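Have a look at the structure below, then the notes.
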Amino acid sequence: MFITRGSGSSTTKPPSTRVARALEIHRSVMACNAHVALDRNSTHALTAALMLPCYKAEFRTLVLAMTATEERELRYALDALCDRAA
30 MFITRGSGSS
40 TTKPPSTRVA
50 RALEIHRSVM
60 ACNAHVALDR
70 NSTHALTAAL
80 MLPCYKAEFR
90 TLVLAMTATE
100 ERELRYALDA
110 LCDRAA
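In our numbering, each residue carries its 1-based index in the sequence shown increased by 29.
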């Protein structure tokens, strides 16, 4: 669950199926990037480097299929993740 930004008030609601899947893929991309950054010569880093284009393509395809509301929901969720990481 996450907070959506609305006109004046915040409400908590579960993300849509496509948004939830996009967030899962985003976490996978971030994990792959972390593996590659830690040790480029490890088996995990090689696997991660091979999987990155697949994850990115799946993310792109999923975002292109989203409605404007779902895109907005995803942007807010990703902003929240970035704010927590900073």
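Ideal Cβ positions, reconstructed from N, Cα and C, are used throughout, including at glycine.
Since this is a predicted model, take the numbers as computed values, not measurements.
Expected contact under 8 Å - CB spacing of residue i and residue j to nearest Å
{"i": "Ala-94", "j": "Arg-50", "result": "That belief does not hold up - the Cβ atoms of Ala-94 and Arg-50 are roughly 10 Å apart, past 8 Å."}
CB of residue i within 9 Å of CB of residue j, strictly
{"i": "His-55", "j": "His-64", "result": "no"}
{"i": "Asn-62", "j": "Leu-75", "result": "no"}
{"i": "Pro-44", "j": "Ala-106", "result": "yes"}
Extent of the continuous alpha helix (DSSP H) run through residue i
{"i": "Thr-98", "result": "97 to 114"}
{"i": "Ala-74", "result": "72 to 93"}
Whole-angstrom distance between residue j and residue i, CA atom to CA atom
{"i": "Ala-66", "j": "Leu-79", "result": "14 Å"}
{"i": "Phe-31", "j": "Val-92", "result": "Note that Phe-31 scores a pLDDT of 41, beneath 50, so its modelled location is shaky and nothing firm can be said."}
{"i": "Asn-70", "j": "Ala-77", "result": "11 Å"}
{"i": "Thr-96", "j": "Val-58", "result": "22 Å"}
{"i": "Leu-52", "j": "Leu-103", "result": "8 Å"}
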